[in-house]
Amino acid sequence: MSIPYLADAASATIAPFTAPHVEFGKLSPMLIVLGAATVGVLVEAFAPRAARYRLQVGLTLLALIAALIAVIALHNEPNQVIAAGAVALDGTTLFIQGTILVMSIISVLVIAERKADHGFDAFTAQGAATPGSIAERETSKAGWLTTEVYPLVLFSVGGMMLFPAANDLLTMFVALEVLSLPLYLVCGLARHRRLLSQEAALKYFLLGAFSSAFFLYGAALLYGYAGSVQLPAIATAVSAHAHGSALLYGGLALLVVGLLFKVGAAPFHMWTPDVYQGAPTPITGFMAAATKIAAFGALFRVLYVALIGSVDIWRPVLDSVAILTMIVGGVLALTQRDIKRLLAYSAVLNAGYVLIALASASAAGESSALFFLAVYGVAMIGAFGIVTLIRDPGGEATDLSRWAGLGKRSPVPAGLFTLFLLAMAGIPLTSIFDGKFAIFQAAIANGNTSLVVVAVLASALAAFFYLRVVVVMFFSEPLPDGPVIAVPSVATKSALALTAFATIAIGIAPAPLLHLANDTATLISGTR
């Protein structure tokens with residue numbers, strides 16, 4: 013006797029599997045970076061320890077430069093969806109990827125610094141060693157370097173490049189994890205103040221896990237609402253259901269919370285000061301620039317592509333978050349005595365400005381945010397690069413009191429740090445002033461005048477704590493036992509020269525970069 017359902021199953025034809033078409037040439041920037049990261053892992057496994065540092069630094073810089081060239085070569089490609097609908101290739105994607113690669117190249121020059129700490133870099137000799145243990149002392153004495161930092165940075169950069177390019181929520185989630193997990197590791201590898209560094213890594217990991225859970229739960233709710241995780245399909249579902257639903261509201265809220273954590277917006281900023289303070293300073297500069305750009309790129313893509321039909325729902329929420337972020341960042345920065353924590357709250361404050369542009373829901377808002385993120389990232393890398401050079405016996409001298417009279421003892425690093433602080437304060441003829449002006453102009457054009465008023469007041473408040481550092485450096489007497497000013501390597505000198513030049517040059521002549529940002533801001537216009 014035959015069983016009917018078994019007979020039916022046996023006679024059923026199985027549809028042939030169709031391999032997806034993947035445009036490897038158009039994915040080449042990400043493939044170059046991730047491929048080099050994989051090669052870097054093999055270098056760690058097989059290369060002699062004495063040769064690893066030069067091999068890893070050379071491989072990392074070569075891969076980043078090659079990926080940047082690949083991004084430039086793709087700039088004439090029409091806006092399209094590639095990799096079986098998983099990746100969007102458009103002007104916004106290429107601008108953000110190019111910006112991330114430029115920031116990463118400059119950051120790697122600072123990460124590779126060895127002269128500032130008597131031949132050592134900023135990372136512990138052996139990450140698995142207990143802080144202060146015999147094993148740590150022996151590996152440090154032997155001159156070991158944690159060169160696996162470089163493939164970890166490359167993996168993170170690969171995730172950052174995919175994050176704002178993802179055209180569906182699952183790909184975006186994978187990119188989020190690829191960019192985050194290496195950062196959790198490298199944040200705990202500081203050579204000095206290891207316990208503080210490990211505490212920062214643990215906090216970052218735990219709060220990052222919460223943010224990933226929020227993102228994934230929000231993606232699940234939006235899948236239940238739209239029946240798809242692809243951003244255009246979600247946009248179609250939003251347009252077809254004018255009155256919305258609980259699934260839409262819940263998914264939107266959870267998804268945005270997960271992304272707001274990555275950009276460091278209040279009240280989801282709690283990790284920022286602790287992680288910025290505890291992480292190795294070159295990694296802090298890398299995170300402050302590249303990670304923020306990638307996270308805002310993903311936030312723009314989600315809201316402007318998938319959820320633009322519900323703009324009346326999320327715009328008031330973003331307005332409130334922007335105001336809270338600027339207030340929290342500005343007020344708490346006033347109370348800081350640690351330079352790295354001060355710059356962390358400055359990063360929170362500046363995230364509020366980008367949220368103003370995002371809430372404008374216009375092409376002008378998008379282009380102004382792209383411009384601002386690029387120039388802001390350059391200034392932050394330069395500022396943290398200076399912090400790595402101000403040394404006490406136990407590491408960087410980050411307490412503000414230790415910087416007293418620095419301008420009289422070492423006018424060049426103090427002058428460069430002043431330049432970056434004045435740029436963050438929005439002083440005219442600096443690049444960030446032009447970025448703020450573009451954001452305020454876009455907000456006023458869309459009727460968000462109240463946000464601009466709050467932003468201007470927050471900028472005035474920020475000028476106070478920025479100038480306080482300048483006063484301490486130039487109008488206080490030098491300490492008799494003041495910190496040592498390290499003489500940096502050629503790599504760090506090049507990074508500082510590039511960041512200072514860009515801060516001034518773009519401030520004086522912002523038109524080329526502004527035009528590029530205007531030409532590539534395509535998300536809101538529907539040309540995706």
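In this text, residue positions in the sequence shown follow this note's numbering: the first is 13, and each later residue adds one.
The beta carbon of each residue, even a glycine, is placed where N, CA and C say it ideally should be.
None of the values given here were measured: they were computed from a predicted structure.
Pull up the distance between the alpha-carbon of residue i and that of residue j, whole angstroms please.
i	j	result
Phe280	Thr111	25 Å
Gly389	Ala300	7 Å
Ile368	Asp331	7 Å
Ser145	Leu208	16 Å
Pro32	Asn179	16 Å
Gly538	Val317	For Gly538, the predicted structure reports a pLDDT of 42, less than 50, and the residue's modelled location is therefore unreliable. A value from the coordinates is still provided. Going by the C-alpha atoms only, they are around 8 Å apart.
Asp322	Val250	One point to set straight first is that residue 322 is Ser, not Asp, in the sequence displayed. Rounded to the nearest angstrom, the two C-alpha atoms are 7 Å apart.
Leu18	Pro28	Note that Leu18 has pLDDT 47, beneath the 50 cutoff, so the model's placement of it is unreliable and the number below is only indicative. The alpha-carbon atoms of Leu18 and Pro28 are separated by roughly 21 Å.
Ala21	Ile81	Because Ala21 sits at a pLDDT of 49, beneath the cut-off of 50, its placement in the model cannot be relied upon, and the following sentence gives the value as read from the coordinates. Their backbone Cα atoms lie some 53 Å apart in a straight line.
His527	Thr248	31 Å
Asn91	Ala100	8 Å
Leu319	Phe312	10 Å
Leu428	Phe486	13 Å
Leu264	Gly230	6 Å
Arg540	Val465	Any answer about Arg540 is weak, because its pLDDT of 39 lies below 50 and its placement is not dependable; what the coordinates show is given next. Distance between the alpha carbons of Arg540 and Val465 is about 33 Å.
Phe11	Ala356	Absent from the structure is residue 11, since the part of the chain shown begins at 13 and ends at 540.
Asp102	Leu535	8 Å
Thr442	Ile518	7 Å
Val484	Ser413	8 Å
Trp156	Arg61	8 Å
Met13	Gly239	With a pLDDT of only 44 at Met13, under 50, the local geometry of the prediction cannot be trusted, and no value is derived from it.
Leu193	Ala232	22 Å
Asp129	Pro292	13 Å
Val387	Thr30	45 Å
Ala363	Ile325	21 Å
Ala63	Lys153	18 Å
Leu3	Arg421	Residue 3 lies beyond the stretch modelled for the chain, which goes from 13 to 540, so this question has no answer here.
Arg205	Gly290	8 Å
Ala177	Gly97	11 Å
Tyr261	Thr430	45 Å
Leu418	Val186	45 Å
Pro405	Pro495	8 Å
Ala470	Ser462	12 Å
Ala302	Met172	8 Å
Leu71	Ile117	12 Å
Name the DSSP beta bridge partners of residue i, please?
i	result
Arg403	Glu408, Val496
Asp350	Asp411
Leu101	Gln92
Pro132	According to the sequence as given, residue 132 is Phe; it is not Pro. Answer is Asp129, bridged to Phe132.
Asp331	BP columns for Asp331 are empty, so no partner.
Asp180	Gln242
Ala202	Phe135
Under 9 Å, do residue i and residue j count as touching if we go by C-beta distance?
i	j	result
Thr296	Val360	no
Thr532	Phe227	no
Pro163	Val55	yes
Val165	Leu354	no
Ala551	Leu191	The first residue shown for the chain is 13 and the last is 540, placing residue 551 beyond what the model contains.
Phe217	Phe273	no
Lys448	Phe513	no
Leu382	Ala141	no
Ile339	Thr410	no
Met42	Gly200	no
Thr511	Ile393	yes
Ile444	Ala391	yes
Thr158	Thr136	yes
Val287	Ala213	yes
Leu479	Ala509	no
Leu134	Ala202	First, the amino acid is wrong: residue 134 is Ala here, not Leu. Yes, they are a contact pair.
Phe175	Ala310	yes
Val275	Phe308	yes
Check whether the Cβ of residue i lies closer than 9 Å to any Cβ atom in chain D.
i	result
Phe227	The chain inventory of the structure shown lacks chain D, comprising one protein chain alone.
- [ ] Can you check the segment 254-315 for any alpha helix (DSSP H) of at least 4 residues that lies completely inside it and give the ranges in chain order?
- [x] 258-275, 283-290, 293-298, 304-313
Open item on the list: With a threshold of 8 Å, are at least 3 pairs of Cβ atoms found where one atom belongs to the segment 396-407 and the other to the segment 490-509?
Closed with: yes
TODO: For the segment 364-382 and the segment 453-460, state whether three or more C-beta atom pairs, one from each stretch, are separated by less than 8 Å.
DONE: yes
Open item on the list: Please give the ranges of any alpha helix (DSSP H) in the segment 36-78, keeping only runs that are unbroken, at least 4 residues long and fully inside the region.
Closed with: 40-58
Task: Sequence ranges, alpha helix (DSSP H) only - wholly within the segment 419-497, length at least 4 - done: 423-437, 443-457, 461-486
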